[in-house]
Every structure is written in structure tokens, then in C-alpha cells.
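Here the protein sequences line up with chains G and U, keeping their order.
One point on numbering: in the working numbering, the residue at position 274 of the first sequence is 275, and numbering is uninterrupted.
One point on numbering: in the working numbering, the residue at position 152 of the second sequence is 1136, and numbering is uninterrupted.
Ideal Cβ positions, reconstructed from N, Cα and C, are used throughout, including at glycine.
These notes are about the structure you will find just below.
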Amino acid sequence: MSPEPPTDNRQAGGIPRWLPWLGAALALAGLAAWAPIYGNHATRPHAAAILLVNFLYWTGLAQAGVVWAATLRLCRTRWSHAPERLGEAFVAFLPLALIPFGVLYLCEDYVLPWAGRDMGDRTLWVNPSGIFARNAVGLVVMLWLSVAYVRRRLATNGGTYSRNGNRALESAPTDGDNGDRGTSVLAVLVPLVYTVVYSILAFDFIMGLQQPWYSTLIGGYFFVGNMYAGMAAIVVLASVLGPRLGFGAHLQRQQWLDIGNLLQAFGMLTIYMFFSQLIPIWYGNMPHETSFLLARFHHEPWRTVVWCVIAGAYFGPFLLMCLTEIKRNPVTLRAVAALVLVGMYVERYLLVIPSLEPRGSAFGPSEVLTAVGFGGAFLAAFAWYVLRYGPLWARGEQREAKH
Amino acid sequence: MKAGAARTITAVFTDFGAFLAALRSLKAEGVKHFRVYSPVELTEYEDLMPRRGSPIRVVSLLAGFTGCALGFWLCIGSAKLYNLIVGGKPVVAWVPYCVIGFELTILTAALCTVASVFVLSRLRPRALSPEYDGSFSADQFGICVPCNNEQAGGIAETFRSSGAVEIRES
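Here you go:
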């Protein structure tokens, strides 16, 4: 049974107002750490590789948040106010994600090391300009759909959406049934288009880094892994900021258990996808398929990293979440989710870097700060959204409780 | 019931409210070992009962580990016993054996869980406890608390103040 929504229209968005500035400061620190690596001609390929890893991880995580919100809305769940709202807030990072994508286009020679080679009869599809063009279109379409969906949700929550967030609070609430069909249509389109766009992103920027390597499952593995990391991010933010955002009544032990079960389920699905990709390649033992695995499973330092990912991102969290009390307690669930987030970042690192730097890659303070910088940009965007549109959430809960 | 108890205090209630009050008092006093008799199944006193974890979870876990080990043992034994053509891959390889290990984990855990449900559900006829009274299956509630001599007086007073119609000691 869903808990009773708060009866007072208290101000959600009770997070510190300095949080966006903190995020922006971290983003600048990340940029300051990355820029010298890029500026040095000798390390520019490494800078491009690190940028690609962070782009794939943070963009996938942010997009997955919106997909989670749409999916939960499609399922008409009554308990998931907190993860839905938090997932919608991830949309704020998506426009920012186009910036590193643009920088990657400038570094296409480093990101796509086979550029300039004759790809034979695959040239029509496998060419740098085509790759960046189709993925740019896909990311823009995904951004448009995500923003349209979140705007629709904000509009049905309690006011007319407008550029000025204050006006959104003052206008009269719209009828709850208006826009439900539009919301439902968008809630179907968002996950559907997400699977297509992010599959192509994986085919081009993970599979396509190592030519020729084929895997029909890499797209599915990538977007399911994003969902896993996205839910982990929602767990961390809900446990840290949930009471401040007015979600205390919606985040009781049973709701934490439900969220933990979703996280565990997608962890199992990600393990499944990983193994489903591994075993046909292992069994077939064909050179153009095994080259990807050989670089990671049979050579150091990547072999150690692989086992760290399997333990830290896959089986470790799964075994921990088999204990019900860990899922019911937001503190312990947050710890597991944090482990998942770190593990999945290393996993994205493992997908990309060995293809571009097979002999090993530097991973020091600059690389860590670059990741922190992306995280800061994500935090800044998320906090900005919550401060601006968070007060609409409480009104939306009241209206939904009446229907 | 608690081992080593010198006495058993049995209280009989005709009023459900008095019965619940007695259970609340026992819980407040920290009494963890007692048995409850009721003519009907009611959910109101479930939260007042001492909680015990089901042993079925342990059975499932151990059966799962056993099944996993069995699966790998089956595969490794077969590979070592027979000269299988492996096409240059390791004779004993964990990648394909994970499939059999996983399947036997689920199969063994599921079968043992079902079997333990039947075993632990107490379906077979058992001798009734000496404190059982036929009225507990008709129109009265009962609470039996094993205790030592020092505790007996306090528990009997708890039952008396809650409204028990009869208190028996054995």
C-alpha cells in the first residue's frame, strides 16, 4: 500500500542553495585537471579516451534516470514517488552532455583510431562523420523526448510550465486527467527510443573502437548497465536528500525494500547480459570476436580490473542485497549503491580504454578529478532542477492522492 | 518452549481484549518464550508474538551452495573422466560450467525449499502439550509461559491484572 502523501504543500527543494555552486566548482576542478592532459600533444589521445569514458558513463546514468521515471509511470506504481521525481531531475544534465560529445567530435582521430583506414564495403556505415552525425541526431532526439516528458509531468503536477519557475507555482493547477494520455505516450516513447539510441551509441563508441570486433549484444548490455547505474544513483540521492526533499513519508522500509529489489534485479540482468555476451564468444573462439576479450581477460593490468568489476559491480552487490535488512535500511543500501556506481564506472573504463590503450593507461589524480568534474556537473544540474521545480512535487502528490 | 524451565504458567482468557493486553504486557516485560492458543486465526496478535526467523531460508541457502558445487563437480568430473574434444580450450573451464552450476543451484535450492516446507509445516499428527485445554479450540484463549520459580509470581500477577479468568501452574 502506498503511504499517505504529505497533506501540507510544504516546500520541496529543501536542499542547500549552495549545492549547484559546489557542483559547478567540482566541474571546473575536473576541467582544470583534464585540460593540461589534452593540451599536451603526447597525452591528447589519453585525454580523449578519458573524456569518452566519462561521457558514456554520466550521459548513460542521467538518461537512465529519466527512463526509470517513465518506466515507473508506465507501470502506474503508487509507491515510487521518490525515484520517479529524482529520475526526472536527471534530465537537467542531458543538455550539458552534448558539450563533451562536441569535444569528442574534435578528437575523432584519437577516439576512432581506425579513422582514415579503408573500411571496404562498410564505409557507408563505418565512417567518423557518419558516426558522429547519427549519434548527435540520436542524442538530440533523446534529449527532446526526455525534456518533453518531464515538461508534461511538471505541467500535470500543479501548474503551467514556463521558463520562469516562479510562474509555474502561481498558475492554476491543471486537471489531473489532462495530459495523462500525452504523458503515457511519451512514457512509452522514452524507453523505446532510449534502447535504440543507446544501442547505436554502444555499437559506435564501444564496439567500434576496436575494428573489427562484432557483438550483437553490446548495445543491450550497455543500456541495461546504464539502468543499473541509474537506479544506484537514484538510491544514493534518495537516501541523502530524500527527507530534505519531502519524500520522508514515501521512503519507509517497505519502499526501500522495493527500490533495493529493483536495483538487485537490474544487477542480475546486467550479470546476465555480461555472461550472455561472454559465453558465445568463448565457445565460438573466432579471432574477430575474441580479440576484445583477450585484451581484457588475458593481459595485465586489465585482467585484475575485470575481476574487480565482477566482484565489485556484479556479484558483490548482488550477494549483499540478498539480505533483506540491507535493502530495508537506506544507509546500507546507499553503501551498496555507491559500490555499484564506482564499479560501473570502472566497468565503462574497462570497455573503452583497453581498445584505445591496450598496454595500460595512466589512472592518477587527473583522471579521478576528471570523473569528479563530470560528477560535479551532474550534481550542479540536478540541484538546479530540484531548487527550481522541486516545489511542484508536493502539489503533484496531493493531486494524485485525490484521483 | 524454553529448556530448563521449572514451571509453566497457563492463563485462560475469555475476552480477546484481555488476551491482547496480556500479550502486550509480556512483550513490554521482555518475555520471549511463550505459547499462544487461539480458537481462530487472528492477525491482531501476530505482531505481539515473539519473532522467529524461518529455518527454510537456511535450507535454501545451503541447498543452493550444494547445488552449485554439484554442478561444477559434475562438469569437472566428466571432463577429466572422458577425453572430450575441447578445440584448444582448457579441459576444465569455468565459463561453460557456470551454466550447469547455475541451473543446479536453482534446481537444488527449489527442491530442498519445497521439501523443507513440507517437513517444517508440522503436518503430521503430534501429541498435544500437557497445558492444552479443549476450550482453547472452542471459545477461550490461552497463554503458556515457561518460567522459573522467581519469575512465576510476576507472570501470574501480569495475567491476573490483564483479566485472565483462570491461571494454572504446572
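Contact set for residue i: own chain, Cβ-Cβ below 7 Å, skip 5 residues either direction
i	result
residue 96 of chain G	144
residue 1052 of chain U	1085, 1088, 1089
residue 265 of chain G	319, 322
residue 306 of chain G	347, 351
residue 384 of chain G	16, 20, 21, 24
residue 370 of chain G	30, 31, 34
residue 1 of chain G	One cannot answer for residue 1 of chain G here, as it falls past the ends of chain G, which runs 2 to 404.
residue 333 of chain G	327
Residues that residue i bridges to, as DSSP identifies them
i	result
residue 1150 of chain U	U/996
residue 991 of chain U	U/1131
Residues near residue i in its chain [Cβ-Cβ closer than 8 Å; skip 5 each side]
i	result
residue 1029 of chain U	1003, 1004, 1007, 1020, 1022
residue 1087 of chain U	1055
residue 225 of chain G	267, 270, 271, 274
residue 1040 of chain U	1097, 1100, 1101, 1104
residue 50 of chain G	111, 112, 353, 354, 357, 358, 362
Cβ-based neighbour list, residue i, same chain, cut-off 6 Å, excluding 5 preceding and 5 following
i	result
residue 231 of chain G	62, 65, 66, 69
residue 98 of chain G	60
Among the options, nearest to residue i - alpha-carbon criterion
i	options	result
residue 354 of chain G	G/123, G/53, G/194	G/53
residue 76 of chain G	G/115, G/303, G/186	G/186
residue 1147 of chain U	U/1068, U/992, U/1009, U/1033	U/1009
residue 1027 of chain U	U/1141, U/1129, U/1000	U/1000
residue 219 of chain G	G/276, G/234, G/373, G/33	G/276
residue 106 of chain G	G/324, G/282, G/157, G/137	G/137
residue 1078 of chain U	U/1044, U/1058, U/1095, U/1012	U/1058
residue 1075 of chain U	U/1062, U/1126, U/1045	U/1062
residue 223 of chain G	G/206, G/237, G/294, G/236	G/206
residue 74 of chain G	G/135, G/41, G/151, G/27	G/151
residue 234 of chain G	G/129, G/343, G/196, G/181	G/343
residue 191 of chain G	G/215, G/204, G/216, G/141	G/141
residue 262 of chain G	G/183, G/326, G/129, G/27	G/326
residue 331 of chain G	G/299, G/297, G/254	G/254
residue 1117 of chain U	U/1140, U/1152, U/1132	U/1152
residue 313 of chain G	G/128, G/340, G/296, G/289	G/340
residue 102 of chain G	G/345, G/58, G/302	G/58
residue 260 of chain G	G/278, G/85, G/183, G/302	G/85
Residue i to residue j span [Cα, whole Å]
i	j	result
residue 248 of chain G	residue 257 of chain G	12 Å
residue 1136 of chain U	residue 1144 of chain U	12 Å
residue 200 of chain G	residue 336 of chain G	30 Å
residue 1120 of chain U	residue 996 of chain U	8 Å
residue 1114 of chain U	residue 1042 of chain U	31 Å
residue 46 of chain G	residue 36 of chain G	12 Å
residue 210 of chain G	residue 153 of chain G	38 Å
residue 1134 of chain U	residue 1018 of chain U	16 Å
residue 382 of chain G	residue 89 of chain G	12 Å
residue 310 of chain G	residue 304 of chain G	10 Å
residue 125 of chain G	residue 131 of chain G	8 Å
residue 1072 of chain U	residue 1065 of chain U	18 Å
residue 324 of chain G	residue 1130 of chain U	33 Å
residue 114 of chain G	residue 362 of chain G	16 Å
residue 328 of chain G	residue 117 of chain G	51 Å
residue 212 of chain G	residue 357 of chain G	11 Å
residue 925 of chain U	residue 1011 of chain U	Residue 925 of chain U is absent from the structure shown; chain U starts at 985 and stops at 1154.
residue 18 of chain G	residue 388 of chain G	7 Å
residue 1149 of chain U	residue 1128 of chain U	14 Å
residue 104 of chain G	residue 39 of chain G	11 Å
residue 123 of chain G	residue 110 of chain G	18 Å
residue 364 of chain G	residue 373 of chain G	13 Å
residue 1080 of chain U	residue 284 of chain G	8 Å
residue 293 of chain G	residue 56 of chain G	21 Å
residue 229 of chain G	residue 1070 of chain U	35 Å
residue 1 of chain G	residue 198 of chain G	The structure shown does not extend to residue 1 of chain G, since chain G spans only 2 to 404, so no value can be given for it.
residue 82 of chain G	residue 135 of chain G	35 Å
Where residue i falls: helix, strand or coil (DSSP)
i	result
residue 281 of chain G	helix
residue 358 of chain G	coil
residue 1021 of chain U	strand
residue 166 of chain G	Because residue 166 of chain G carries a pLDDT of 43, less than 50, the predicted location of this residue cannot be relied on, and the following value inherits that uncertainty. It is helical.
residue 1127 of chain U	strand
residue 1106 of chain U	coil
residue 256 of chain G	helix
residue 1077 of chain U	coil
residue 1016 of chain U	coil
residue 78 of chain G	coil
residue 177 of chain G	Because residue 177 of chain G carries a pLDDT of 44, less than 50, the predicted location of this residue cannot be relied on, and the following value inherits that uncertainty. Here residue 177 of chain G sits in coil by DSSP.
residue 227 of chain G	helix
residue 1090 of chain U	helix
residue 365 of chain G	coil
residue 1096 of chain U	helix
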